Amino acid sequence: MQSAEDLVSQVDSLSSNIDLLKSRIENEVQQDLNVAVAEFTELKQQLERDSLVLSVLKQLQEFDTAIKDYSTALLEKKYVAAARHLEKARSSLKMLESRKGFELKVLKALGTELTVQTQNMLYHLGEEWRQMVLWKLPPSKGQLLLKYILKPLISYPSLRPLLEKQPDTVVLHFESAEPNLEHPSPIEVFGKISLVLEVLHTHLLNVSLDECGENDKDSKVVLAEMLGDMVWEEVSGCLIQECLVYSIPANSSKLEQYVEVINSTEEFEKSLKNMGFLKGESTDLLKYARNVNSHFANKKCQDVIVAARKLMTSEIHNTVKITPDSSVAIPKLPDPGAGDNLKTQKASKMLHNKLINLENETKLSQHTFSLPTCHISVSVEKLMELAYQTLLEATTSTDQCCIQLFYSVRNIFHLFYDVVPIYHKENLQKLPQLAAIHHNNCMYIAHHLLTLGHQFRYRLTNILYDGAATFVDLVPGFRRLGMECFLAQMRVQKGELLERLSSARNFSNMDNEENYSAANKAARQVLHQLKRLGKVWQDVLPVNIYCKAMGTLLNTALSEIINRITALEDISAEDADRLHSLCRIMLEEGPLVFTPLLEENKNKKYQEEVPVYVQKWMMFKELMIILQANLQEIVDR
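So this note's numbering is basically just the index in the sequence shown, starting at one, shifted up by 228.
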């Protein structure tokens, strides 16, 4: 019994020890185990990252080593080794790019470097290939014929083929004579080419080749046809560019004569087809010749624009005098066609009916709507003549050509609007005479544009008759162009006048000799500038424009003088006398700047009308009276 109790107590003691041990395991060992597992996991991840970085660095090192080895091999011209090193670098870069979740900014730069080095390698290989490998192919006999015989015959009018027949041989040689024309005539060129090809056909090329069998007649190819296939495209292109282009008439009246060229072109192609050089279909050469109307219109329009631009870029200062009786020198316009005659008759009848009621009324002068007398550039007069001549030629042309020529004339004026102000910009700003001439040029063009379309309306194609044949829309732009240029010059002159008057020391303290001398000098300079302008613009500007311009400039000077004097707070008697003497100089010599005409006796009329053109003239005279008046007289006035 005692032993059983001891056994129970031992069991209990052992059980408690087991529970204690179990709790210690759960509380201490398990905790330490979790910490160890976490540390192990972290160390494992760090090891993987370090391994990946090490692998990337190793591949970067391999890329760098491969590029260096490539550069060394390339310098030594070991192209195979260089290519292998370049391929190693490419493989390293591909491995770096293939890693997912791992991106380096340097990869883009490495890719660029690899591309550059690859192109560098290709360039060096190409240079070596070019130096070491040379291709030399003998030129075909067709190309020799084209280069040394056919093309020179087309390009040089002086070159002529001569045929010399001997018993067993035929000799074709060439001689050079004095050329009569700058460009070869198509008929002559066709004859020379035909002679050469006829000799070749007769003695060399009238031989057929049988490629499929002797019994197959359709398979026979004539040597002449083979030669034609090889050279005809270049020959026809050369004939067009070196011959037919220059044969296009410059005048519509000569278009009918061009039928000879078309017929000779047809005969030329027909003879080539008979000899087997050409196949049955029509060629570009004949199409070009037949389309002469279109080519004439294009050439004419191009020539017109070129001639117009040349006139626009010529000197402006070469002038001609235009009077109300002046007119553009063009031939008399032809009578309208039968269809248009009805329109003009109806229009004239309506106009006649309206005029009947006006016969007894006061009639206007014949120069009411004429351009006033002035000087314009010779180039502008020629430009208008060119426009009239072109429109006159359009009246006798085909509908399509008529439309092209009409719009070419419009393009002339658009070109003038854009080119002249820019090309002559510096001179127009610096030289007052050129600014005045340019103003007249623009007004002259605008004056003609008002009626230019109407003059040709009934003689142009019906497409333009319905209202499109007009130039009136260009008139405001040209008037504005002329006015803006002249007003800009007026602003320059006004600025110079005010600058000269700024040296007059505000017209104060005239009892001081230096001040009086400065004011007197300023007044003299103003008058000198106005007289110089008067001479520069004399007989150039229309009289009314001249007087308005000179009146405006003189008015600017007088206004500045009035403002300076009236701004003085105190004027002594001596100052007033000296100011009066200065004003008297302006009053006496001011009208003398009005010299619009070359005849001195005719200018007196405009000098007496100074108050009409100078707004401050009467105020200036009033100021002079006040400068000489006493206080009572001033109060009375």
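Using N, Cα and C, we set each Cβ at its ideal position, and we do this for glycine too. The structure displayed is predicted, hence computed values, not measured ones.
Suppose the cutoff is 6 Å on Cβ atoms and the five residues either side in sequence are ignored; what does the same chain contact list for residue i look like?
i: Asn743; result: Arg733 and Asn737
i: Thr823; result: Gly762, Gln766 and Asn831
i: Thr493; result: Leu514 and Ala517
i: Lys676; result: It is worth fixing the name first, because residue 676 is His in this sequence and not Lys. Here the set comprises Met612.
i: Leu680; result: Phe699
i: Leu378; result: Val463
i: Glu817; result: Leu755
Using the C-alpha atoms, what's the distance from residue j back to residue i?
i: Arg312; j: Leu321; result: 14 Å
i: His603; j: Tyr516; result: 46 Å
i: Glu290; j: Ala317; result: 7 Å
i: Ile246; j: Val265; result: 26 Å
i: Asn858; j: Arg806; result: 15 Å
i: Ala777; j: Met718; result: 8 Å
i: Ala566; j: Tyr651; result: Confidence is the limiting factor: at Ala566 the pLDDT is only 41, short of 50, which leaves the residue's position unreliable, though a coordinate-based value still follows. About 46 Å.
i: Arg638; j: Phe699; result: 7 Å
i: Ser787; j: His808; result: 15 Å
i: Ile253; j: Gln259; result: 9 Å
i: Ala309; j: Leu275; result: 37 Å
i: Thr689; j: Leu423; result: 45 Å
i: Leu483; j: Ser625; result: 9 Å
i: Phe848; j: Leu825; result: 26 Å
i: Glu453; j: Thr397; result: 24 Å
i: Phe641; j: Asp531; result: 15 Å
i: Arg792; j: Lys538; result: 50 Å
i: Val548; j: Val647; result: 22 Å
i: Ile673; j: Leu619; result: 15 Å
i: Ser326; j: Gln371; result: 57 Å
i: Glu850; j: Tyr616; result: 55 Å
i: Val703; j: Leu758; result: 32 Å
i: Thr430; j: Val473; result: 31 Å
i: Pro819; j: Gly779; result: 9 Å
i: Glu270; j: Arg277; result: 11 Å
i: Gln241; j: Leu261; result: A small correction: the amino acid at residue 241 is Ser; Gln does not occupy that position in the sequence shown. Approximately 28 Å between the Cα atoms of the pair.
i: Ala525; j: Val344; result: 54 Å
i: Leu855; j: Met814; result: 15 Å
i: Gln628; j: Gly419; result: 33 Å
i: Pro389; j: Cys466; result: 18 Å
i: Cys471; j: Val417; result: 8 Å
From the DSSP secondary-structure annotation, give me the bridge partner or partners of residue i.
i: Leu725; result: Answer is none; Leu725 lacks a bridge partner.
i: Cys602; result: Ile550
i: Arg388; result: Glu403
i: Lys393; result: Val398
i: Ser237; result: Answer is none; Ser237 lacks a bridge partner.
i: Val263; result: Bridge partners of Val263: none, in fact.
i: Val450; result: Ser436
Taking residue i as part of the beta strand (DSSP E), name the residues at either end of that continuous run.
i: Phe644; result: Per DSSP, Phe644 belongs to no beta strand (DSSP E); it is in the alpha helix (DSSP H), Asp627 to Tyr651.
Who are the near neighbours of residue i in its chain, counting only those whose CB is closer than 8 Å to its CB and skipping five residues on each side?
i: Met578; result: Below a pLDDT of 50, predicted positions are generally treated as unreliable, and Met578, at 44, falls in that range; no measurement from the model is reported.
i: Ser475; result: His411, Ser413, Pro414, Tyr486 and Val489
i: Pro839; result: Trp845 and Met846
i: Glu802; result: Met738 and Asp739
i: His667; result: Gly710, Met711, Cys713, Phe714, Leu769 and Ile773
Hey, could you find the ends of the alpha helix (DSSP H) residue i is sitting in?
i: Arg327; result: Element bounds for Arg327: n/a, residue is neither H nor E.
i: Thr493; result: Val487 to Met503
i: Phe822; result: Per DSSP, Phe822 belongs to no alpha helix (DSSP H) and is neither H nor E.
i: Val838; result: Val838 to Tyr841
i: Pro414; result: Pro414 to Leu428
i: Asn669; result: Pro660 to Phe684
i: Pro380; result: Lys379 to Ser383
i: Ser529; result: Looking at the sequence shown, residue 529 is not Ser but Cys. First-last of the alpha helix (DSSP H) with Cys529: Val520 to Met540.
i: Glu850; result: Trp845 to Gln856
Tell me whether residue i, by its Cβ, gets closer than 8 Å to a heavy atom of the ligand SAM.
i: Trp845; result: Among the components of this structure there are no ligands whatsoever, and the ligand SAM is therefore not found.
Ordered along the chain, which non-local residues of its own chain (more than five positions away) have a Cβ less than 7 Å from that of residue i?
i: Glu462; result: Leu374
i: Val297; result: For the sequence presented, residue 297 should be read as Asp rather than Val. Around Asp297: His313.
i: Leu387; result: Pro380, Leu381, Phe402 and Ser404
i: Leu506; result: Gly456, Trp460, Glu497 and Leu500
i: Leu338; result: Phe291 and Leu321
i: Lys610; result: Leu539
i: Ser251; result: none
| message | Going residue by residue through the stretch 733-818, where are the continuous beta strand (DSSP E) segments of at least 3 residues, counting only ones entirely within it? | response | none
Which parts of the stretch 298-358 are runs of the beta strand (DSSP E), unbroken and 3 residues or longer, counting only runs that do not cross its ends? none
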